[in-house]
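Chemist: Our numbering numbers the first residue of the sequence shown as 2 and each following residue consecutively.
Yeah, the Cβ is synthetic: ideal placement off N, Cα and C, and Gly gets one too.
I have a structure here, written as structure tokens, and I will follow up with some questions on it.
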Amino acid sequence: MHLASAALAVLLAAPALAQSPQPQPVPFPPATAAPVDRPYPGAILLHVDATDLDRRIFAVHETIPVAGPGPLTLLYPQWLPGKHSPHGPIDKLAGLVIHAGAARLDWTRDPVDVFAFHVDVPAGTPSIDLDFAFVSPTAANQGRVQMTQAMLNLQFDQTTLYPAGYFTRDIPVAATVKFPDGWQAATALRPVAGAPAGEVRYETVPFETLVDSPIFAGRYVRRVPLDTSSRPVTLNIVADRPDLLAATDDQLTKHAKLVREASTLFASKHFDHYDFLLALSDSQGRIGLEHHRSSEDGSIPGYFTEWDKSANAHNLLPHEFTHSWNGKFRRGADSWTPNFNVPMRNSLLWVYEGQTQYWGVVLGARSGLWTMQQARDSLAGTAAYYDAVAGRAWKPLIDTTNDPITAERAPEPWRDWQRSEDYYREGLLVWLDADTLIRERSGGKRSLDDFAARFFGVDDGRWTELSYTFADVVAALNAVEPYDWAKFLNDRLAGHGPGAPLDGITRGGYRLVYTDKISDLAKDGDRASKQTDLDYSLGLTVGDDGVVSQVMWGGPAFRAGVTVGATIVAVDGDAFGGEALKRAVAATAAGTPVDLIVRVADRFRVVRLAWTGGLRYPHLERAGSGPARLDALLTARTR
Numbered sequence: 002m003h004l005a006s007a008a009l010a011v012l013l014a015a016p017a018l019a020q021s022p023q024p025q026p027v028p029f030p031p032a033t034a035a036p037v038d039r040p041y042p043g044a045i046l047l048h049v050d051a052t053d054l055d056r057r058i059f060a061v062h063e064t065i066p067v068a069g070p071g072p073l074t075l076l077y078p079q080w081l082p083g084k085h086s087p088h089g090p091i092d093k094l095a096g097l098v099i100h101a102g103a104a105r106l107d108w109t110r111d112p113v114d115v116f117a118f119h120v121d122v123p124a125g126t127p128s129i130d131l132d133f134a135f136v137s138p139t140a141a142n143q144g145r146v147q148m149t150q151a152m153l154n155l156q157f158d159q160t161t162l163y164p165a166g167y168f169t170r171d172i173p174v175a176a177t178v179k180f181p182d183g184w185q186a187a188t189a190l191r192p193v194a195g196a197p198a199g200e201v202r203y204e205t206v207p208f209e210t211l212v213d214s215p216i217f218a219g220r221y222v223r224r225v226p227l228d229t230s231s232r233p234v235t236l237n238i239v240a241d242r243p244d245l246l247a248a249t250d251d252q253l254t255k256h257a258k259l260v261r262e263a264s265t266l267f268a269s270k271h272f273d274h275y276d277f278l279l280a281l282s283d284s285q286g287r288i289g290l291e292h293h294r295s296s297e298d299g300s301i302p303g304y305f306t307e308w309d310k311s312a313n314a315h316n317l318l319p320h321e322f323t324h325s326w327n328g329k330f331r332r333g334a335d336s337w338t339p340n341f342n343v344p345m346r347n348s349l350l351w352v353y354e355g356q357t358q359y360w361g362v363v364l365g366a367r368s369g370l371w372t373m374q375q376a377r378d379s380l381a382g383t384a385a386y387y388d389a390v391a392g393r394a395w396k397p398l399i400d401t402t403n404d405p406i407t408a409e410r411a412p413e414p415w416r417d418w419q420r421s422e423d424y425y426r427e428g429l430l431v432w433l434d435a436d437t438l439i440r441e442r443s444g445g446k447r448s449l450d451d452f453a454a455r456f457f458g459v460d461d462g463r464w465t466e467l468s469y470t471f472a473d474v475v476a477a478l479n480a481v482e483p484y485d486w487a488k489f490l491n492d493r494l495a496g497h498g499p500g501a502p503l504d505g506i507t508r509g510g511y512r513l514v515y516t517d518k519i520s521d522l523a524k525d526g527d528r529a530s531k532q533t534d535l536d537y538s539l540g541l542t543v544g545d546d547g548v549v550s551q552v553m554w555g556g557p558a559f560r561a562g563v564t565v566g567a568t569i570v571a572v573d574g575d576a577f578g579g580e581a582l583k584r585a586v587a588a589t590a591a592g593t594p595v596d597l598i599v600r601v602a603d604r605f606r607v608v609r610l611a612w613t614g615g616l617r618y619p620h621l622e623r624a625g626s627g628p629a630r631l632d633a634l635l636t637a638r639t640r
């Protein structure tokens, strides 16, 4: 065909092509029924068999009463308080089979809300039976290991489906658990009579309370009463080996003092009893998760037996215990949801987590779990890091409250530039700033302790949630010390620096300085994490295996093209080692450069780092002759 004729044919065909149907969106299925605050018709019976230690499988049987025939939607919990994200491990639910009597009922997963399962209930069916398994991780690359030959961590949100259309506080659940022979279990739930031999039946509680009451169980368990009052507190320790349970009297006295200091600070106890669940293990995955009447605390095996080397681990319990008041009793209004499948909003996490981080440091010092020096060294590390965070230039602190949803704690190539959940530790600096400002303005007569008593101390003994807004926080601060607290907070939440909010340090009577000596707390932290932290000199942190785990945006390593995941194989011509790298950095003060051989995949290159400042580690140094407000706020209030 002639070229002109071919072009004409295309033009003539164009209208026909234009009339062809174009894609249109397929309508969405009906939304999952919204939760309604109404009684549920009966109690769910839940049975969990937790004895399959070899395969690490929790076998589940549920009997769920139904209101009548017709469509029923069952939900797997997706949004969990304390995780701040849609983190429910639905990928590990397997083998789901549903029966009505002897008849098997087919189910269909919702194509949009994949945490929802639809089933048609036949007429004359009072209840349906579910069988499935939670196949917990058998290796760390699958998720946190929850079951070993010595211990297990049972979380009921992972082993329960519940009906849509109801508030979780309106759905009663009676749980029974079968544990391995000879094991002991610890939980905020209380057992009741009537369980078959070898099993434990727990009190019937609302589903939200069940989910908020996980279990630690194991072969080697020790229970220590920390408070024997009418609202007792117990430290339940589960360990890989029996010798790891050997806590000294002095160590236990410090944990008991933590309870007294927290109860004094918050002027209340918002529980009928409280159970620390402390696992000491290298095999079960670490955890720090708050609950209203308990906390899941996974720590190092030598938490007690290597006490002098494990100071960084001593701050976990003060933090999680604080959450009983801050986060569980009082919770940001947009974080409270009526069930576990309504999305949370995290705009007040700088209170929920940031102030908890602050009180965790304060209570760690007041209880003696940390020395005053260790607390100051911790604050120095926090102040130095956030003073160096480059990402503040584009991302304000308030936006980091979205990080649990956008990042879900996934590894990041440029953590200080991307900013990862900085509402925790930078939030601490904001509350230190507020505390010292109240102390300064009131001449030492008032402090953030007064805010804590006013804000968290209401309705002593109540352990249902009480929500709050930004305006409530501002009003409580103003009731303690009149000031423009809305502007104070907004400036720090929405500001771009430069530098971290360090007024709390300087107003506290100290200043942030850097020397070539690492603090004992930081040294212990490096040893425990098996890494060498040189963030404030070379601008990197590297593991004992030579793999770079952090590169500070704009620092010497960054400018030289070093990235997270690269492996340092040699330092100045010698094989890599953390101590060798520190010696090389120390020599830069005399003008000797640091030359590295770095490997990325199969490529090697020589890197010279432009740094001449030697080793550089943060510390707090007493400044001026004014009051040491920082020391005052870290000082114990009880005997």
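Taking only runs that begin and end inside the stretch 235-308, name each unbroken beta strand (DSSP E) of 3 or more residues, in chain order.
Modeler: 275-281, 289-291 and 295-300, all fully within the stretch 235-308.
Chemist: Among all the DSSP beta bridges, which residues are the ones paired with I569?
Modeler: I569 is bridged to V599.
Chemist: Could you have a look at D434 and say whether DSSP puts it in helix, strand or coil?
Modeler: Three-state result, D434: helix.
Chemist: If contact is defined by three or more beta carbon pairs under 8 Å, each pair taking one atom from either stretch, is the stretch 203-214 in contact with the stretch 242-252?
Modeler: Cβ pair count under 8 Å is below three, so no.
Chemist: Whose CA, out of P215, S214 and D241, lies closest to the CA of Y223?
Modeler: The question names Tyr, yet the displayed sequence has Arg at residue 223. R223 has its Cα closest to that of D241, out of P215, S214 and D241.
Chemist: Kindly confirm or deny that the stretch 415-425 and the stretch 514-522 touch, where touching means at least three C-beta pairs closer than 8 Å.
Modeler: Touching, no.
Chemist: Over what stretch of residues does the beta strand (DSSP E) that includes N347 continue unbroken?
Modeler: Per DSSP, N347 belongs to no beta strand (DSSP E) and is neither H nor E.
Chemist: Just how far apart, CA to CA, sit G540 and A312?
Modeler: Approximately 25 Å, taken between the alpha carbons.
Chemist: Give the C-beta separation of E622 and Y511 to the nearest angstrom, bearing in mind that I take them to be a contact with Cβ-Cβ under 8 Å.
Modeler: Indeed they touch by this definition, with Cβ atoms about 6 Å apart.
Chemist: Tell me whether L4 sits in a helix, a strand or coil according to DSSP, three-state version.
Modeler: Low confidence applies here, because L4 scores a pLDDT of 47, under 50, leaving its location unreliable; read the following figure in that light. If DSSP states are grouped into helix, strand and coil, L4 belongs with the helices.
Chemist: Identify, in the order they occur along the chain, each residue of the same chain with its Cβ nearer than 6 Å to the Cβ of R377, setting aside the five sequence neighbours on each side.
Modeler: Excluding residues within five positions, the ones whose Cβ falls inside 6 Å are L621.
Chemist: Assuming Q551 contacts V570 under a Cβ cut-off of 8 Å, what Cβ separation, rounded to an integer in Å, is found between them?
Modeler: With a Cβ gap of about 18 Å, Q551 and V570 do not count as contacting.
Chemist: What is the C-beta distance between L54 and Q150, in whole angstroms, given that I count them as a contact (C-beta under 8 Å)?
Modeler: Indeed, because the Cβ distance is near 5 Å, the residues count as touching under 8 Å.
Chemist: Give the single residue among V67, L73, I288 and F157 whose Cα lies nearest to the Cα of D121.
Modeler: Closest by alpha carbon: L73.
Chemist: Among the candidates A637, D450, D130 and I598, whose CA atom is the shortest distance from the CA of S269?
Modeler: Among A637, D450, D130 and I598, the Cα nearest to that of S269 belongs to D450.
Chemist: Can you tell me which of the three DSSP states T188 falls into?
Modeler: It is a strand residue.
Chemist: Go to R609, then tell me how far its beta strand (DSSP E) extends in each direction, as first and last residue.
Modeler: Residues R604 to L610.
Chemist: With three or more beta-carbon pairs closer than 8 Å as the criterion, would you say the stretch 341-355 touches the stretch 386-396?
Modeler: Contact between the stretch 341-355 and the stretch 386-396 is absent, because fewer than three Cβ pairs lie under 8 Å.
Chemist: Helix or strand or just coil, what does DSSP make of F118?
Modeler: F118 falls in the strand class under three-state DSSP.
Chemist: Please state whether the Cβ-Cβ distance between F135 and N342 is less than 8 Å.
Modeler: For F135 and N342, no; Cβs fall outside 8 Å.
Chemist: Tell me the DSSP bridge mates of Q551?
Modeler: Answer is T542, bridged to Q551.
Chemist: What would DSSP say about Q532, mapped onto helix, strand or coil?
Modeler: Q532: strand per DSSP, three-state reduction.
Chemist: For V11, does the three-state DSSP call read helix, strand or coil?
Modeler: Residue placement at V11 cannot be trusted, given a pLDDT of 48 that sits under 50; the coordinates are not used to answer.
Chemist: Return the chain-ordered list of same chain residues with a C-beta closer than 6 Å to the C-beta of R630, the five sequence neighbours on each side being excluded.
Modeler: Excluding residues within five positions, the ones whose Cβ falls inside 6 Å are T437, R440, G509 and G510.
Chemist: Looking at C-beta atoms only, is the number of pairs between the stretch 457-474 and the stretch 331-338 that lie closer than 8 Å three or more?
Modeler: Yes, the stretch 457-474 is in contact with the stretch 331-338.
Chemist: According to DSSP, is G365 helix, strand or coil?
Modeler: G365 falls in the helix class under three-state DSSP.
Chemist: Which residues mark the beginning and the end of the beta strand (DSSP E) in which A101 is found?
Modeler: It spans L94 to A101 - the beta strand (DSSP E) in which A101 sits, taken as one unbroken run.
Chemist: Output the distance between the C-alpha atoms of A454 and G462, rounded to the nearest integer angstrom.
Modeler: Computed Cα separation, rounded: 14 Å.
Chemist: Are F457 and F267 touching if we call contact CB-CB under 8 Å?
Modeler: A contact, by the Cβ cut-off of 8 Å.
Chemist: Whole angstroms is fine: what's the gap from A95's alpha carbon to F157's?
Modeler: Cα to Cα, A95 sits roughly 15 Å from F157.
Chemist: Just mark G365 as buried or exposed, buried being the case when its beta carbon has 16 or more other beta carbons within 10 Å.
Modeler: Looking at its Cβ environment, which holds 16 or more other Cβ atoms inside 10 Å, G365 is buried.
Chemist: To the nearest whole angstrom, what separates the beta carbons of T589 and G556, a pair I think is in contact under 8 Å?
Modeler: Rounded, the Cβ-Cβ distance is 14 Å, inconsistent with contact.
Chemist: Give me the Cα-Cα distance between D534 and D546, rounded to the nearest whole angstrom.
Modeler: Roughly 13 Å between the two C-alpha positions.
Chemist: Rounded to a whole number of angstroms, what is the C-alpha to C-alpha distance between A487 and F452?
Modeler: If I take the Cα positions, the gap works out to 15 Å.
Chemist: Taking contact to mean 3 or more Cβ pairs, one atom from each stretch, closer than 8 Å, check whether the stretch 81-94 and the stretch 170-189 are in contact.
Modeler: Output reads no: the stretch 170-189 does not touch the stretch 81-94.
Chemist: Can you grab the Cα-Cα spacing for the pair T383 / V174, in whole Å?
Modeler: About 43 Å.
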